[in-house]
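Here the structure is laid out as structure tokens; the discussion comes afterwards.
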């Protein structure tokens, strides 16, 4: 497979096609059991300890809430779906936002297209719990993740090694995931993209997906037919809905550049902006493309984004012949169940 590198003029991303098969980071069953058992024990100790001293909120994304007043004409039930996630797995006091060692914490950002990180909580020197915002206008779907991090603290003892950080996404809902079968997140280094032409790469070690001990509200739990037992335990179809729990995706990433911004995602992001740029590139590629493809504005979304209507036909005919043709409409939408 030939490597193809393209520059996205809108976001200045390097969009590359890997010339090799992507890695599969599959763990042994014994290692997985041992890791999950250890994670359960550490989480139990964490929850029973003083969270005021153990957990520190380092990021909250409230941009959608702040924009609610600007959404004139949007139905109230849709505005409610813009509200921040009120079902965080555990409570962290607001006062923990102000702490002395903030300079050594990672800096998070998710206020960009397709970003959906709602909260980041530091629970160790190099470990963070992450809470995702549920999918728009849904009662509690959380699977896709996309966020940026910076302020990497490199080890002073060995400058030739990177710094490892562990991330725990603690409010997922699917009973199982391809992350238990070797799938890795994708990581994008802004510095490597500019200096080396590298784009998105699969990365991550110690990747596990398992039921945790945080109880999920009934409206979220009822979506999935599989019932999760407490963290690390087997599923049970006889458990009550109220006893269902969230799931944790945990993974370790190693960063090599201190003065860099890294993007981390479930899989290769494909935003609406990228989609529209792709359409424009097709329309501009050949001067005669308009003989078979027309682009028009069907409507705008509630947030004012363009919703295109693409018409494919042979337009190089008489108008009466064109008007007499039958039409086939093809529509699609993003599915709530992303790959993985």
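Residue numbers (full-length UniProt numbering): 1 to 340. Backbone N, C-alpha and C fix where the C-beta goes; we use that ideal spot for every residue, glycine too.
Original post:
When you compare each of 170, 311, 271 and 317 to residue 305 by their alpha carbons, which one comes out closest?
Top reply: 271
Original post:
Can you name the residues that DSSP bridges to residue 299?
Top reply: 307
**OP:** Excluding the 5 residues preceding and the 5 following residue 127 in the sequence, name in chain order all residues of the same chain whose CB lies nearer than 6 Å to its CB.
**Re:** 166
**OP:** Using the Cα positions of residue 329 and residue 31, report the straight-line distance between them to the nearest angstrom.
**Re:** The C-alpha of residue 31 is placed about 50 Å away from the C-alpha of residue 329.
**OP:** Answer yes if the stretch 284-298 comes into contact with the stretch 246-266, meaning at least three C-beta pairs across the two stretches below 8 Å, and no otherwise.
**Re:** no
Subject >> 3 or more residues per run - each beta strand (DSSP E) lying fully within the stretch 164-223 >> reply: 186-189 and 205-215
Original post:
What's the call for residue 129, buried or exposed, on a 16-neighbour Cβ count within 10 Å?
Top reply: buried
Original post:
Just reading off the beta strand (DSSP E) that residue 162 is part of, what are its end residues?
Top reply: Neither: residue 162 is in no beta strand (DSSP E) and is coded neither H nor E.
Original post:
To the nearest angstrom, how far is it from the Cα of residue 111 to the Cα of residue 190?
Top reply: 17 Å
**OP:** Please name the residue in 279, 197 and 317 whose C-alpha comes closest to that of residue 359.
**Re:** One cannot answer for residue 359 here, as it falls past the ends of the chain, which runs 1 to 340.
Original post:
Which of the three DSSP states, helix, strand or coil, is assigned to residue 134?
Top reply: Assignment of residue 134 by DSSP, reduced to helix, strand and coil, places it in the coil class.
Original post:
Helix, strand or coil: which one does DSSP assign to residue 333?
Top reply: coil
Subject >> Local Cβ density within 10 Å of residue 292, reported as buried at 16 or more and exposed below that >> reply: exposed
Subject >> Cut-off 6 Å between Cβ atoms - residues of its own chain near residue 325, not counting five sequence neighbours on either side >> reply: none
**OP:** Just mark residue 124 as buried or exposed, buried being the case when its beta carbon has 16 or more other beta carbons within 10 Å.
**Re:** exposed
**OP:** State the start and end residues of the unbroken alpha helix (DSSP H) segment that holds residue 283.
**Re:** From DSSP, the alpha helix (DSSP H) with residue 283 extends over 272-285.
Original post:
Do you know how far the Cα of residue 246 is from the Cα of residue 33?
Top reply: One C-alpha to the other measures close to 18 Å.
Original post:
When DSSP builds the beta bridges, which residues end up paired with residue 148?
Top reply: 109 and 263
Subject >> Residue nearest to residue 312 in terms of C-alpha spacing, selected from 294, 318 and 323 >> reply: 294
Subject >> Unbroken beta strand (DSSP E) run spanning residue 316, endpoints >> reply: No beta strand (DSSP E) contains residue 316, which DSSP labels as neither H nor E.
Original post:
DSSP puts residue 57 in a beta bridge; with which residues?
Top reply: In the DSSP output, where bridge partners are listed per residue, residue 57 has 121.
**OP:** Check residue 253 in the structure and name its three-state DSSP category.
**Re:** strand
Original post:
Can you name, in chain order, every residue of its own chain whose Cβ lies under 6 Å from the Cβ of residue 149, other than the five neighbours on each side?
Top reply: 106, 108 and 262
Original post:
Which residue comes first and which comes last in the alpha helix (DSSP H) that contains residue 43?
Top reply: 29-48
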